[in-house]
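Residue numbers (this note's numbering), protein chains in the order written: chain A, 46 to 386; chain B, 46 to 386. Every residue, glycine too, gets a C-beta built ideally from N, C-alpha and C. First comes the structure, then the notes that go with it.
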DNA sequence: GCGCGCTACTAGAGCGCGCTAGTCGACCCC
DNA sequence: GGGGTCGACTAGCGCGCTCTAGTAGCGCGC
């Protein structure tokens with residue numbers, strides 16, 4: 046029974062055991078021509094026996110490149126989890142490794158990014174970054190950076206996001222067509238995409254001649270935010286102000302919080318009130334009737350992000366690029382005609 | 046405007062600019078005695094100017110140790126997100142770096158762990174591993190491994206988990222005291238802790254003389270599972286079989302799915318039915334009335350896991366250790382007396 | 001003068017790998 | 001049989017850092 050403190054085997058160990066040179070082992074492990082099938086087999090067998098695994102630190106040091114993409118993300122955001130799920134396969138397909146670094150309460154974006162760069166990531170993919178554009182621009186000058194879910198207009202940073210305006214417009218048209226007029230928006234505060242969604246909501250309300258009904262309840266991309274907004278609306282109702290007939294939530298989490306609050310208060314969705322979310326994260330399916338929401342294709346966004354990073358690394362793209370994906374309203378059970386309609 | 050393809054500066058660059066030896070720069074950056082304050086300042090200033098940052102790959106290669114802990118986790122599990130949040134600060138406190146590796150659909154536990162080991166993690170912390178005990182044992186022989194949320198009885202793996210039995214017992218006693226008899230358990234399938242929870246549920250039912258009411262609905266630790274179970278129960282009710290008066294869900298996500306389904310069907314919680322979750326993830330607060338759940342202290346578990354790993358690395362602990370934390374029933378709004386009671 | 005201890009600093013050998021520039025033998029072609 | 005090509009393999013440098021074993025210089029006591 047070996048001790049766990051034992052030295053991990055190196056290429057030299059494999060080479061010795063297999064009776065070949067270190068270089069040959071290297072060739073075998075890089076899957077390069079220059080080794081006979083027989084030797085190849087033997088080397089791999091020996092390596093497996095003694096439990097050798099290539100040391101990526103050394104490998105990375107030796108070849109100039111790390112072929113590693115760093116991903117900064119926030120635990121607790123289901124949509125970002127979807128993105129992470131999409132990043133892995135695409136990175137692998139292009140021959141890149143992925144390193145994750147989470148932002149948490151005591152660990153800001155700067156820290157998370159530093160960790161990634163320290164590990165020699167060649168590029169950094171930032172999921173919903175909250176940093177100042179200037180900081181992002183600075184980062185973009187130090188390394189290849191891609192922002193997902195948030196535009197970064199005047200910075201040396203590629204970005205991938207959805208046409209928030211279109212998504213909101215679709216949602217609004219859907220609601221208006223159903224007959225809604227009192228449509229409230231719970232916004233996402235500083236969350237990625239919120240500013241654009243808020244703006245598009247305002248525009249849509251005005252376009253439909255509903256400026257008098259226009260109302261934005263400040264929030265953020267959390268369930269709590271939806272709960273708070275729901276309580277606010279219910280409290281107002283109890284004081285005589287009628288409920289809106291529809292709510293456009295900042296994202297799915299917010300919509301879920303709102304739905305829970307409404308359900309508890311006996312407000313039936315969509316009979317008494319319609320709710321539209323944003324993201325189409327797996328939460329959307331949580332409700333039996335399904336959440337009407339604006340779908341952002343996480344897999345596609347992830348693929349774009351990875352490809353932007355890789356292309357910039359390999360082809361020395363100079364201009365910052367922007368991928369704007371079309372969102373798609375996904376009508377499910379939480380939207381319907383307004384009570385009076 | 047520099048190109049991003051520019052070589053990153055190395056210690057040699059700093060040394061040259063500062064007019065000292067490479068070794069001295071190394072001393073400064075390791076915060077070791079042997080450099081005068083003046084030189085120290087100068088080196089740091091120069092380093093900052095030219096944008097030098099230590100290359101952790103090279104550093105890691107040079108000193109034998111990486112001082113890095115690898116964490117395998119599943120995106121999409123809020124409780125694991127809580128754990129990750131707890132791991133970072135404790136690791137930092139003990140001077141360790143953290144590397145995350147996610148399991149996703151196309152990326153199994155083996156792959157995730159390989160990635161970590163390839164990056165020279167000295168120890169691996171597995172959040173809710175699903176691997177065979179034999180595989181875990183093998184892993185434990187190759188490196189230091191800690192399993193969180195799942196016991197690994199006969200393997201060279203430390204583990205941190207809660208006393209599932211106690212948690213379930215508390216929940217069951219709470220329900221029985223309220224007067225419940227028809228208590229159904231939606232289990233967590235192969236999810237971490239499920240086996241123990243299921244067993245404890247059965248034991249508790251028998252202890253209270255309710256073996257005739259005993260019922261386990263197979264499930265897993267997802268919202269969908271709760272939804273499915275809810276639909277099943279509702280369908281049965283429509284065919285004449287009465288609803289149970291209480292449900293002990295496999296975890297909070299499952300409980301949430303169930304609650305959504307019940308709310309939609311007009312079943313009022315806790316008036317018509319009580320629901321108890323497990324984990325006390327942030328989901329528990331989602332419902333305005335709050336989810337009655339069994340609290341697992343994620344931060345404490347994370348601290349134990351990190352400490353186990355570090356102590357084993359530094360003090361050559363030989364015996365596998367096990368931390369069993371006491372869960373605590375947290376009574377909120379989803380539990381109450383049964384309809385008839 | 002010499003040895004001593006101390007601080008400030010440097011030389012240089014690795015860490016485990018990738019990769020370039022080879023070597024060596026077999027085979028082929030005129 | 002000389003020269004060329006090709007496949008299989010090896011020697012050894014260098015990646016950016018850490019760390020041991022130094023050296024240089026200085027003040028001190030005798």
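Starting from residue i, trace the alpha helix (DSSP H) both ways and give me its first and last residue.
i	result
residue 175/B	That residue, residue 175/B, is in no alpha helix (DSSP H); it is neither H nor E in DSSP.
residue 337/B	First-last for residue 337/B: 337 to 340, but that is the beta strand (DSSP E), not the alpha helix (DSSP H).
residue 343/A	343 to 360
residue 221/B	209 to 223
residue 272/A	268 to 283
residue 290/A	Note, residue 290/A: premise wrong, no alpha helix (DSSP H); not H, not E.
residue 304/A	297 to 309
Where does residue i land, buried or exposed, given buried means 16+ other C-beta within 10 angstroms?
i	result
residue 76/A	exposed
residue 48/B	Here residue 48/B scores only 36 on pLDDT, less than 50, and its place in the model should not be relied on; the value that follows carries that caveat. That one is exposed.
residue 94/A	exposed
residue 235/B	exposed
residue 108/B	exposed
residue 237/B	buried
residue 113/A	buried
residue 371/B	exposed
residue 281/B	exposed
residue 68/A	exposed
residue 265/A	buried
residue 363/B	exposed
residue 381/A	buried
residue 127/A	buried
residue 71/A	buried
residue 146/B	buried
residue 78/A	exposed
residue 385/B	exposed
residue 359/B	exposed
residue 283/A	exposed
Can you tell which of the options has its C-alpha closest to the C-alpha of residue i?
i	options	result
residue 110/B	132/B, 164/B, 134/B, 151/B	164/B
residue 159/A	169/B, 154/B, 162/B, 142/B	142/B
residue 140/B	354/B, 260/B, 319/B	354/B
residue 454/B	299/B, 214/B, 169/B, 361/B	With chain B running from 46 to 386 in the structure shown, residue 454/B is simply not present.
residue 275/B	131/B, 153/B, 232/B	232/B
residue 179/B	166/B, 167/B, 196/B	196/B
residue 357/B	53/B, 99/B, 203/B	203/B
residue 172/B	383/B, 343/B, 364/B, 361/B	343/B
residue 136/B	247/A, 285/A, 151/A, 136/A	151/A
residue 297/B	311/B, 252/B, 287/B, 272/B	272/B
residue 351/A	332/A, 131/A, 363/A	131/A
residue 289/A	383/A, 103/A, 324/A	383/A
residue 177/B	167/B, 89/B, 194/B, 200/B	200/B
residue 321/A	310/A, 366/A, 246/A, 52/A	246/A
residue 91/A	309/A, 207/A, 64/A	64/A
residue 209/A	181/A, 224/A, 244/A, 223/A	244/A
residue 175/B	66/B, 313/B, 155/B, 167/B	155/B
What residue range does the beta strand (DSSP E) around residue i cover?
i	result
residue 37/A	In this structure chain A extends from 46 to 386, so residue 37/A is not present and cannot be described.
residue 228/A	228 to 231
residue 369/A	367 to 370
residue 247/B	Residue 247/B -> not in any beta strand (DSSP E); alpha helix (DSSP H) instead, spanning 239 to 252.
residue 57/B	It is not in any beta strand (DSSP E) - residue 57/B instead sits in the alpha helix (DSSP H) that spans 56 to 63.
residue 262/A	260 to 262
residue 374/A	373 to 375
residue 190/B	189 to 193
Margin query: Report the start-end ranges of each beta strand (DSSP E) in the region 101 to 172 of chain B that is 3 residues or longer and not cut off at the edges.
Written below: Considered as a whole, the region 101 to 172 of chain B harbours 113 to 119, 142 to 148, 168 to 172 as its complete beta strand (DSSP E) runs of no fewer than 3 residues, in chain order.
Next item on the list: Would you be able to state if there are at least three C-beta pairs under 8 Å between the region 285 to 295 of chain B and the region 221 to 233 of chain B?
Entry: At 8 Å Cβ cutoff, the stretches touch.
Check: Quick check: the region 210 to 225 of chain A against the region 376 to 386 of chain A, are there 3 or more CB pairs under 8 Å?
Finding: Short answer: they touch.
Check: Pairing CB atoms from the region 337 to 344 of chain A with CB atoms from the region 172 to 189 of chain A, are three or more of them under 8 Å?
Finding: In this structure the region 337 to 344 of chain A does not touch the region 172 to 189 of chain A; the number of beta carbon pairs closer than 8 Å is below three.
Notebook entry, point to check: Of all the alpha helix (DSSP H) runs that stay within the bounds of the region 71 to 99 of chain A, which reach a length of 4 or more residues?
Noted result: The region 71 to 99 of chain A is shown to contain whole alpha helix (DSSP H) runs of 4 or more residues at 82 to 95, in chain order.
Check: Can we say the region 326 to 334 of chain A touches the region 296 to 304 of chain A, given the rule of at least three CB pairs closer than 8 Å?
Finding: Remark: three or more beta-carbon pairs, one from each stretch, lie closer than 8 Å, so the region 326 to 334 of chain A and the region 296 to 304 of chain A are flagged as touching.
Margin query: Using a Cβ distance threshold of 8 Å, determine whether the region 175 to 186 of chain B contacts the region 344 to 353 of chain B, with at least three qualifying pairs required.
Written below: Taking one beta carbon from each stretch, the region 175 to 186 of chain B and the region 344 to 353 of chain B have fewer than 3 pairs nearer than 8 Å; the two do not touch.
Checklist line | Three or more C-beta pairs below 8 Å linking the region 120 to 128 of chain A and the region 115 to 124 of chain B | finding: Between the region 120 to 128 of chain A and the region 115 to 124 of chain B, the count of C-beta pairs closer than 8 Å reaches three or more; the two stretches touch.
Check: If you pair each beta-carbon of the region 85 to 103 of chain B with each one of the region 53 to 65 of chain B, do three or more pairs fall below 8 Å?
Finding: Flag = yes, the region 85 to 103 of chain B and the region 53 to 65 of chain B touch.
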